[in-house]
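Encoded as structure tokens, the structure appears first; notes follow it.
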Amino acid sequence: MTAALATFAAFGIQTAAVPTKILSTQSEGFGQPAGLDVTNWMDQAFTHWQQISDLNISSAVVGYVGDSKTCRQLGNQLANLKLKRVLIDPVMGDRGKMYAGFDNDYLDSIKQLVKFATVITPNVTELGLLSHVTVTEHSDDAQLIKAIRACKLTATIIVTGIKCDGAIGSCFLSDGKLIWISSPLIPGHFYGTGDLFAALLCGYLAFEMNFEAAVKRAVFGTYEAVVQTNQLPENERKYGLDLTKTLYNVARFTLGQNREEV
């Protein structure tokens, strides 16, 4: 969430953050984090926001949720808010299988949640789970299109993180064919790339940018952060992405849109 909040700040976008669970650290690399359940607080927060007459929430970005009950909570709130733009990253699996601790009930709750989305950003494993169509990083365009259509969603589906021929790509369906946008693949594990990509994409779309152009900028901005982070010692990467260059470019874009000095 920290990467997303910093990114929205660089876009000049005010945010109302809803942590689905508060952890003492991220979930990987630091042992077992201490967690605080905020289920009751979430409902109270939404109720409070709805009572603020001059608070206008136009968009939402949803990342890792973690349990079925919270998925249903978020779905209820999204149904009430009726937002212009809802981007959901249906985090639940990778490398061909669902993450440990998740089950079919969680999959069903994610399927219900993404019905409120205007854009979703699954990886290829999550696309397969949502569609019940077998897809891998080696699937051809026809099979990926079959899986995208099998999801039966009104949302635009961007399939992310597909590695092939020394590149890592994302694709989405437009006029019956896949549009591919890729960047060079940098080996290694980089925490927070999904959150950053989602925030960048939502930010550029908030400026009414053409969808393909927004995806290109989001892919490139994420790549920039990975390049910067790759220069750090490996044991420091668990603290998150180096966003310095990415946020600098976002801020320059934002100031340019507002015709301020860049």
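With our numbering applied, the sequence shown closes on residue 1041, and no number is skipped along the way. We treat Cβ as the ideally placed atom computed from N, Cα and C, and that holds for glycine.
Straight-line Cα distance separating residue j from residue i
i	j	result
K876	I831	43 Å
I792	I924	34 Å
T1060	A839	What the structure shows of the chain is the stretch from 780 to 1041, and residue 1060 is not part of that stretch, so it cannot be assessed.
N1028	L979	11 Å
Y1002	P963	8 Å
K931	V912	12 Å
G971	D954	31 Å
V1052	F969	Outside the shown range of the chain, which is 780 to 1041, sits residue 1052, and nothing can be said about it.
L892	Q1036	33 Å
A934	T818	27 Å
R1031	T1025	10 Å
A977	M871	16 Å
N1014	V994	30 Å
C943	I958	15 Å
A795	A788	12 Å
Q811	Y885	22 Å
W820	F809	26 Å
Buried or exposed by the 16-neighbour rule on C-beta atoms within 10 Å, applied to residue i
i	result
D833	exposed
G880	exposed
T1023	exposed
P798	exposed
D1021	buried
G814	exposed
S910	buried
A1004	buried
Q856	buried
L1011	exposed
Whole-number beta carbon distance between residue j and residue i, since they are thought to touch under 8 Å
i	j	result
L853	V865	Not a contact, Cβ separation roughly 10 Å.
R996	T1008	The Cβ separation is near 19 Å, so there is no contact.
S847	S803	24 Å between Cβ atoms; not a contact.
F790	G982	4 Å
D882	V841	At roughly 20 Å, the Cβ-Cβ gap does not stay under 8 Å, so D882 and V841 are not in contact.
A858	F895	7 Å
V903	I960	That belief does not hold up - the Cβ atoms of V903 and I960 are roughly 15 Å apart, past 8 Å.
Option in the options with minimal Cα separation from residue i
i	options	result
Y1018	F790, L984, E807	E807
T897	L862, S803, T904	L862
R874	A985, P1012, A796, T939	T939
G1000	P1012, N1014, E987, D974	D974
K956	I927, I941, P966, A934	I927
S837	F986, T1033, L1034, V998	F986
G936	L906, A921, W820	A small fix is needed here, since residue 936 is Ile in this sequence, not Gly. The candidate whose alpha carbon is nearest that of I936 is L906.
Q829	Q805, F809, A992, L860	L860
C850	N835, W820, K890	K890
Q805	M821, W820, M780	M780
M988	G967, P966, I965, T1033	T1033
Review point. Counting pairs of Cβ atoms below 8 Å between the stretch 908 to 917 and the stretch 946 to 954, do you hit three or more?
Key: A contact is defined here as three or more CB-CB pairs under 8 Å, and the stretch 908 to 917 fails this definition with respect to the stretch 946 to 954.
Exercise for review: Tell me, please, whether the stretch 780 to 788 touches the stretch 818 to 832 by the rule of three or more beta-carbon pairs shorter than 8 Å.
Suggested key: no
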